[in-house]
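In UniProt numbering, the protein residues as written are 1 to 358.
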Ligand code: SAM
Ligand code: SF4
């Protein structure tokens, strides 16, 4: 894998950031991709993400209103150079006003002159009936999470017996002509390693793009051990039992997934792309172009940040758009060079994945 060289450290001092039209950091990275968490709640309880009893959900008054979310997204796009917005959570389909927020976002024009690209990461429950509204609102892309094709294993893994609903959601997204429809799979030791090849066959047959994701230390604390994690190399080794793999030719850019071209070894002629996101074993922090907004209005520079910058009180105390943009830019300026999972002093962030927005 080739690493993009970091640009020289910009000389722009933090005090001048309020004039900036980009979210640039001291390591030369420019954030173009905004992840917005629309709720910390969820209707599944995936073992790698949440405890069985759920979490202490955010009180409603601490969550951003629709108007506040839309205002901050508008500032990010029109003043700070954001070109893509992905809605996540928790489960973003639980936000009743998702269509309204997507519509307001997709109508924004980027600094390149086109419309903002909008995407959704979802567990798929209830997606089929929301799809017409979401498509009408301008949603471009969808990632649906699916870690196994075995109904019992799915029920154990998510603590809910909902596999048929997820498969229906994938079919509905494909039938609605969404392109690409991506499927996210987290592989865990002794849990779903044997699903690697079946998941790949399923996605290639359907015409969906599979992304395997290494499990990260972001869920219940006892659930992750570096030495037990299934690495990207191990996932690829499993894939090679069913597929000939060659590195995909297109440049990776800021995309987290390393792409492979997969060709089935049997006679069915399965053929297509599969991505592997090696966030832990081969971090891509040097190319990261992401900034994050949590449900309660905090800017996070990274999934693993130990600190964050809240815009909620600022917005509620009457700050104007220029002030909000300046604070956002200032937060990103201090983005650390990497997530530091391998540092001896690494500590899991206080917020779990579902409250950050994956
Ligand atoms: N509820 C939605 C879903 O599951 O797609 C969106 C939020 S979820 C936090 C976003 C993505 O993060 C999902 O694909 C999920 O599998 C992944 N995820 C959650 N916890 C993770 C962990 N500890 N390590 C790696 N990926 C994780
Ligand atoms: Fe819910 Fe997504 Fe976390 Fe699973 S991964 S518990 S679906 S937020």
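Ideal Cβ positions, reconstructed from N, Cα and C, are used throughout, including at glycine.
Residue from 148, 113 and 94 whose Cα sits closest to the Cα of residue 127 = 94
message = Classify residue 349: buried if its beta carbon has 16 or more other beta carbons within 10 angstroms, exposed otherwise.
response = buried
key: Residues near residue 327 in its chain [Cβ-Cβ closer than 7 Å; skip 5 each side]   = 309, 311 and 314
Residue 15 in three-state terms, based on DSSP = Reliability of the predicted coordinates at residue 15 is poor, the pLDDT of 48 falling under 50, and no value is obtained from them.
ask   = Just how far apart, CA to CA, sit residue 205 and residue 284?
value = 30 Å
ask   = Residue range of the beta strand (DSSP E) that residue 183 falls in?
value = 181 to 187
key: Among 41, 36 and 198, the one whose alpha carbon lies nearest that of residue 183   = 198
task = Compute the distance between the beta-carbons of residue 37 and residue 74, then report whether it is under 8 Å.
result = no
key: Chain-order list of residues whose beta-carbon lies under 6 Å from that of residue 275 (same chain, five-residue window excluded)   = 211, 257 and 259
message = Quick test of your reading: residue 81 and residue 30, contact by CB under 8 Å. State the CB separation rounded to the nearest angstrom.
response = 7 Å
query = Under 7 Å from any heavy atom of the ligand SF4, does the C-beta of residue 156 make it?
reply = no
message = Using the Cβ count rule (16 or more neighbours within 10 Å means buried), how would you classify residue 192?
response = buried
Identified DSSP bridge partners for residue 145 = 184
query = Three-state secondary structure (DSSP) at residue 204?
reply = helix
key: Entirely enclosed beta strand (DSSP E) segments - the stretch 106 to 139, minimum 3 residues   = 117 to 122
task = Could you tell me whether any non-hydrogen atom of the ligand FAD is closer than 7 Å to the CB of residue 302?
result = This structure lacks the ligand FAD; the ligands present are the ligand SAM and the ligand SF4.
query = Between residue 48 and the ligand SAM, is the CB less than 7 Å from at least one heavy atom?
reply = yes
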